[in-house]
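Trainee:
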Amino acid sequence: MAGKKSPKVHKILLVATEAQPYVSVGGAGSVIGHLSGALTGLGYEVAVFIPKFGLIDEQKYPMKMAMEGLAVPTDDAINPELVCNVKYYENGSGVKFFFLENQEYFEKRANVYGYSDDPTRFLLLSRGALEFVKRGGFVPDVIHCNDWHAASIPFYLKTIYKNDPVLKNISSLLTIHNLAYQGIFDHRHVSEMNYDDGKSVIGSIFSDRVTTLNYMRRGIIFADAVNTVSRTYSKEILTPEFGEGLDKLLSELKGKLFGIVNGVDYDEFDPSTDKLLPKNFDANSIELRVENKKALQKEFDVTVDPEKMLFAFVGRLDFMKGVDLITTVMHHVLKEYDVQFVEVGAGDWGLTERLNNLKNEFPTQVGVRGSGLHTVSIPF
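Numbering (the UniProt record's numbering), first residue to last: 1 to 380.
#1: Hey, A129 and F49 are a contact pair by Cβ (cut 8 Å); roughly how many whole angstroms apart?
#2: Please go through the segment 84–158 and give each complete alpha helix (DSSP H) segment of 4 or more residues, from N-terminal end onward.
#3: Within 10 Å of its beta-carbon, does H115 have 16 or more other beta-carbons around it, so buried, or fewer, so exposed?
#4: Taking only three categories from DSSP, how would you classify F222?
#5: Near H374, which residues of its chain fall below 6 Å by C-beta distance, leaving aside the five closest residues on each side in sequence?
#6: Would you call W148 buried or exposed, if buried means 16 or more other Cβ atoms sit within 10 Å of its Cβ?
#7: Using a threshold of 8 Å, state whether the C-beta atoms of L358 and L317 are closer than that.
#8: What three-state label does DSSP hand R231 in the structure shown?
#9: For V314, write down the residues that DSSP places opposite it in a beta bridge.
#10: Could you pull out every residue in the same chain whose Cβ sits closer than 6 Å to the Cβ of T175, ignoring the five residues on either side in sequence?
#11: Just how far apart, CA to CA, sit K279 and E307?
#12: Ignore the nearest five residues each way along the sequence and tell me which others in Y181's own chain have a CB closer than 7 Å to its CB.
#13: Does I202 come out as helix, strand or coil in the three-state DSSP assignment?
#14: Considering Cα atoms alone, identify which of P140, G367 and R231 is closest to Q297.
#15: In angstroms, rounded to a whole number, what distance separates the CA positions of H187 and G245?
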């Protein structure tokens, strides 16, 4: 994560749905949590803006009120605004974490994603972030928008807010963590009638139309810069095979597309000091790692034997990540060899079922944790 600070950029606002340690379902939450700290270390003034989901432990992270009664425009004739609060928490890293509070759309939901009104929820997040900035809550030089959930921000900045005295000079960066998720129910099978060119007015956030809009397309078109999480991925998405229907658009705008490899927080991921490891070790005591392997085997309820080969997968259960291939291959491997396989992650229901079937067929060789990383006390 090393680098140099830009002389023209001083304040950065990261807008996302997740941020470790408060809420982290996929890899993006980890990225936001670590990136914000790394940017602060380079001398930037950094803030993060995410929804205040009900699963965030406010007793563990006591928050203060940053802005009460924030009226967020909805562009709806009957209900023209939603009133929200913005709370904040400082964790000592120098990063300010802001949380958009709304009972109906965030706090009363059991999960972060997976609702039919997700487009409405995350349009509220985007407009809420911009209204918070407009009212002086935190005025950045750049808004860093992550995935489709915040991809409408560049669109709003260049349209509705283009003449706003506070917002008109703010630049935007869109990061594509996973292009397959574009904010539309199924972007691969969109009728001509429902095709979204990414430039039309969004309108009421409550209308049925918002479920047919492609927010990732809008972000790509209107963002000042677009990046992906690796140089390889930035090239892959220019092809029909990996472009998810947006390869032509990305190719046209590739002059503003960059690939930046995710970094590693060496302070957190240091086995010599990591408090979550049962046994710390370093390059001079590598043999101690075996104690961690035994502890991991015990936690996943597989045979405790440090001599057994152990395969592991940590990540979202998604066909794009090849989890279907992993389950098929591991079934053959587990039948032929006395090896072990453990998995941590949530996602596609069908893939979850495949993994559970593996566990049932090979109970002493397979361990699964399908509810998310927070269910495992020992880090991989």
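Here a beta-carbon is modelled for each residue, glycine too, at the ideal position from N, C-alpha and C.
Since the model is a prediction, treat every value here as computed from it, not as a measurement.
Mentor: Walking through what the data contain:
#1: 5 Å
#2: 118–134 and 152–158
#3: Reading the sequence as shown, one finds Tyr at residue 115 and not His. That one is exposed.
#4: helix
#5: Reliability fails at H374, whose pLDDT of 43 lies under 50, so the model's placement of it is uncertain and the value that follows must be treated cautiously. Closer than 6 Å at Cβ, skipping near neighbours: no residue.
#6: buried
#7: no
#8: helix
#9: V344
#10: N146 and N227
#11: 18 Å
#12: D147 and W148
#13: coil
#14: G367
#15: Low confidence applies here, because H187 scores a pLDDT of 46, under 50, leaving its location unreliable; read the following figure in that light. Taking the straight line from one Cα to the other gives about 8 Å.
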